[in-house]
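There are 2 protein chains.
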Amino acid sequence: MTMTTIPGGGVTTPKGYVAGACYVGVKSHKSDKPDVAVLCSQYPATCAALFTTNKFCAAPVILGREILKKGKARAFVINSGNANAATGQQGVEDARRIQRAAEAAMGLGEDEVFVCSTGVIGQRLPVDKIVAGMEQIVPQLRDDKGSEAAWAIMTTDTVRKEVALEVQLSGGTIRMGAMAKGSGMIHPNMATMLAYITTDAGVEASVAQGMLKSSADKSFNMTTVDGDTSTNDSVFLVANGASGVKVESQADQEIFAAALDQVCIHLARAIASDGEGATHLMVVEAKGLPTLKDARLVARSIAGSNLFKAAVFGRDANWGRIMTAAGYSGADLDPSHADCALQSTAGRVVVMEDGKCTDYSEEFATQILTEHDVTIQVDFHSGDGEATAYGCDLTYEYVRINGDYRT
Amino acid sequence: MTMTTIPGGGVTTPKGYVAGACYVGVKSHKSDKPDVAVLCSQYPATCAALFTTNKFCAAPVILGREILKKGKARAFVINSGNANAATGQQGVEDARRIQRAAEAAMGLGEDEVFVCSTGVIGQRLPVDKIVAGMEQIVPQLRDDKGSEAAWAIMTTDTVRKEVALEVQLSGGTIRMGAMAKGSGMIHPNMATMLAYITTDAGVEASVAQGMLKSSADKSFNMTTVDGDTSTNDSVFLVANGASGVKVESQADQEIFAAALDQVCIHLARAIASDGEGATHLMVVEAKGLPTLKDARLVARSIAGSNLFKAAVFGRDANWGRIMTAAGYSGADLDPSHADCALQSTAGRVVVMEDGKCTDYSEEFATQILTEHDVTIQVDFHSGDGEATAYGCDLTYEYVRINGDYRT
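Going down the list, the sequences are from chains A and B.
Residues in the first sequence are numbered consecutively from 172, following the working numbering.
Residues in the second sequence are numbered consecutively from 172, following the working numbering.
Shown next as structure tokens:
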């Protein structure tokens, strides 16, 4: 299996995708940062999508579910700064108007465009500004503007989240590219952010949908920043077949699924690492649980524990909080023979072994936790279930950002 | 139904209860605050208890479950500063040794004493110090030292949590008293802290157990500080019948249950209000849900949302986060006709009506959120299910306390 990361690659790296972005003023204050992005496959494509499980879902999600059913969508209009959530029927009509304007501007058919929004809840979208933006963006869509689109969709994100892979299948080489936005309101339960994955492979829509769900369960759904599942979470996979290579055989499907896993996990890590106020990426590896479900519960519970997240911020190897979070996760577990270790580029320390505290050096443990990326490993020695979750620490900055988000 | 609060009352207000406390040095640094408390009924009593659902439960909980089965316990030794959790079989033996020493010192029979611990996880209890403390405390047990015991069990709590009621039953007057400790690692799922409720009424053990569970479900299990369910949570109800009044008839049982609800809700509010770093008590009232279960899910989800908690800290009437938290609560709900209001002694503002944002004054909303106690009201107009949850805001101080708890 050959799979290579393409340096600097992103959502327009696969063949036949163009993107663009501009500032239209979704939020009133003037900014250099673009706030509307367009991403488009130049060829007809299949698409798969997953949407938030939040019952208080945003207008673009309501509309997106309808568009997905038609199965023809291959382009996106995405705005940051306003979530178009809690906007009722008016919000759905607003999204629809933007969709129709984008379809017209790009010369696409009905329901070939998804509309996505992220930002503040409860305010009406400035539809006219976004529609006017189409005339600016669409004529300048290019295949080297994926990164500009990745910038435009950011809210409190501090870095762009992009990745691209080149993958060898039996019929030839295909590419997969992606971008995402994360930051706040990030918690497992469908993807909890916006993510766009493009490929120039040809993939049946139903196969794509299944693979996307499976990859999301290992990546986005294992990611938490603050335990809050957003109203707008959406993940999309568009496959336009522009490479001339189809994903058909079982072997190719497995390779493609592995590539999709890699892309989704890359984005999930990037989202957790850039969580609001984060100073640490926490990777939690749980193993030795009776089932995969138990392992996922344990890993997510530890990654989501406010108390342990605050301890990581304080560089305190407070393993009692790790085991406490495992204990209330709902997983079937017996802690009496558990092991627990902390690891980073500074080293690895076993803090608990066979259910008991070891005689570890607190100083060394603190040194390990001084690194940005830290891995927490727990092993319950009672089965083959294993899973990894992605989170970040809880910091003063998280409180500052969210105590003063709208003003 | 006559039920009166007894000013300054606590756990030794009901007849036949004595308490005492002293400093023995559970934690090494010297302090004026007592760290071991003893509470005892002078008469045989029935008892009911609820323990943490955390699978990684502490030694005193393991032992406590055994003691509860015997049904004879009427006294408690409680230490703060060390949770005796993650201490394996040694921890259970340590708790047992303290129990036997306390029973001997008080002249009680086997398994008449519960041992409880709260504090740091993963360190062995200084058993000798606590056993030696028995000789200091037991000879000086008095019926006016309930408040000293309530002080001794505090950890990062900033105020004592005590309450007492006088209740008229058909056979005469009875009293109910209580104390609790809360602060951190506070999240619904059995009581999530330590609480001790005494009464001089006579109550059958099985009746007491049922009433305690019912009251806990309305109070402690509706309380959250940080979403972390502790390893040591325990709530006890001891009934010694010293008033000569028995709770037997259906009518008396209802009055007694209402009094128990009032006591538990008082403690739950006190715990939420004094949550680690809290500057606000958040009371979340959810109504108009299809079932009680749905209403509880919604109320707890809102009270537990990091994003909304940070907004309350920032005095930001960010109702989008309220509705988002309702949306991901798992409750059966339709937000399209929901109302949402914020209330405090400064006034009441409706921020959402019939599913849509109202034209409210942000300035007035901020003024309402400036008060310490704020109530959040949501109504989904789709049933009779209603519930109240108790929480607190997420502050810099929470991060500070928990980024630097052990050092």
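The C-beta atom is built at its ideal place from N, Cα and C for all residues, glycine as well.
(request) Express the C-alpha separation of V197/B and P297/B in angstroms, rounding to a whole number. (result) 6 Å
(message) Using a Cβ-Cβ distance cut-off of 8 Å, determine whether C528/B contacts chain A.
(response) Interface with chain A (8 Å Cβ-Cβ cutoff): C528/B is included.
(request) Tell me M174/B's beta-bridge partners as DSSP assigns them. (result) BP columns for M174/B point to V338/B.
(request) Determine, using beta carbons only, whether V549/B comes closer than 8 Å to chain A. (result) no
(request) For the region 429-456 of chain A, enumerate the residues whose C-beta is nearer than 7 Å to any C-beta of chain B, in chain order. (result) none
(message) Looking only at its chain, what residues have a beta carbon closer than 6 Å to the beta carbon of W490/A, apart from the 5 residues adjacent to it on each side?
(response) C511, V522 and M523
(request) Could you name the residues of the same chain whose beta carbon sits closer than 8 Å to that of R519/B, not counting the 5 residues immediately before and after it, in chain order? (result) A512, L513 and I539
(message) Quick check: what's the CA-CA separation for V378/A versus G412/A?
(response) 14 Å
(request) Mind checking which residues open and close the beta strand (DSSP E) that includes D550/B? (result) D544 to D550
(request) Output the boundary residues of the beta strand (DSSP E) element that contains Y531/B. (result) Looking at the DSSP string, Y531/B is not in any beta strand (DSSP E), and its letter there is neither H nor E.
(message) Suppose you measure from the CA of E306/A to the CA of E237/A; what does that come to, to the nearest Å?
(response) 25 Å
(message) I need the DSSP call for M277/A, collapsed to helix, strand or coil.
(response) helix
(request) Pull up the DSSP beta-bridge partners for K352/A, would you. (result) L365/A
(request) Could you tell me whether any Cβ in chain A is nearer than 8 Å to the Cβ of Y567/B? (result) yes
(request) Find out if the Cβ-Cβ distance for the pair I426/A, L340/A is shorter than 8 Å. (result) yes
(message) Can you check whether the C-beta of F247/A is within less than 8 Å of a C-beta belonging to chain B?
(response) no
(request) Return helix, strand or coil for L221/B, following the three-state DSSP convention. (result) Strand.
(request) Would you kindly check if the distance between the Cβ of V416/A and the Cβ of G342/A is under 8 Å? (result) Contact flag set, yes.
(message) L565/B and F484/B - do their beta-carbons sit closer together than 8 Å?
(response) The answer is yes: Cβ separation under 8 Å.
(message) Here's the rule I'm using: 16 or more other beta-carbon atoms within 10 Å means buried, otherwise exposed. How should P310/A be labelled?
(response) exposed
(request) For L460/A, write down the residues that DSSP places opposite it in a beta bridge. (result) In DSSP, L460/A forms a bridge with G556/A.
(message) According to DSSP, I249/A sits in a beta bridge with which residue or residues?
(response) A208/A and C287/A
(message) According to DSSP, simplified to helix, strand and coil, what is T516/B?
(response) coil
(request) Would you kindly work out how many angstroms separate the C-alpha atoms of F285/A and G353/B, rounded to a whole number? (result) 48 Å
(message) Using beta carbons (cut-off 8 Å, strictly below), is N573/A in contact with chain B?
(response) yes
(request) Look up V454/A in the DSSP assignment and give the residues it is bridged to. (result) T546/A and Y561/A
(request) Could you work out which residue in R268/A, R331/A and I308/A is closest to S444/A when comparing CA atoms only? (result) Here the closest residue by C-alpha is R331/A.
(request) Indicate the three-state DSSP secondary structure (helix, strand or coil) for N360/B in the structure shown. (result) Unreliable placement is indicated for N360/B, whose pLDDT of 38 sits below 50; no coordinate value is reported for it.
(message) Helix, strand or coil, according to DSSP, for V374/B in the structure here?
(response) coil
(message) Taking 8 Å as the threshold (beta carbon to beta carbon), is I292/B in contact with chain A?
(response) Closer than 8 Å: yes.
(request) May I have the straight-line CA-CA distance separating E533/B from D544/A, to the nearest angstrom? (result) 40 Å
(message) So, with DSSP's three-state summary, where would you put E419/B?
(response) coil
(request) Report the partner residues of E425/A according to the DSSP bridge assignment. (result) DSSP output for E425/A lists no bridge partner at all.
(request) Determine the burial state of Y576/A: buried for a count of at least 16 other Cβ atoms within 10 Å of its Cβ, exposed for fewer. (result) Reliability fails at Y576/A, whose pLDDT of 49 lies under 50, so the model's placement of it is uncertain and the value that follows must be treated cautiously. Under this definition Y576/A is a buried residue.
(message) Measuring only the C-alpha atoms, how far is A430/A from V338/A?
(response) 7 Å
(message) For I572/B, which residues in the same chain have their Cβ closer than 8 Å to its Cβ, ignoring the five residues on either side in sequence?
(response) T327, G355, E447 and G448
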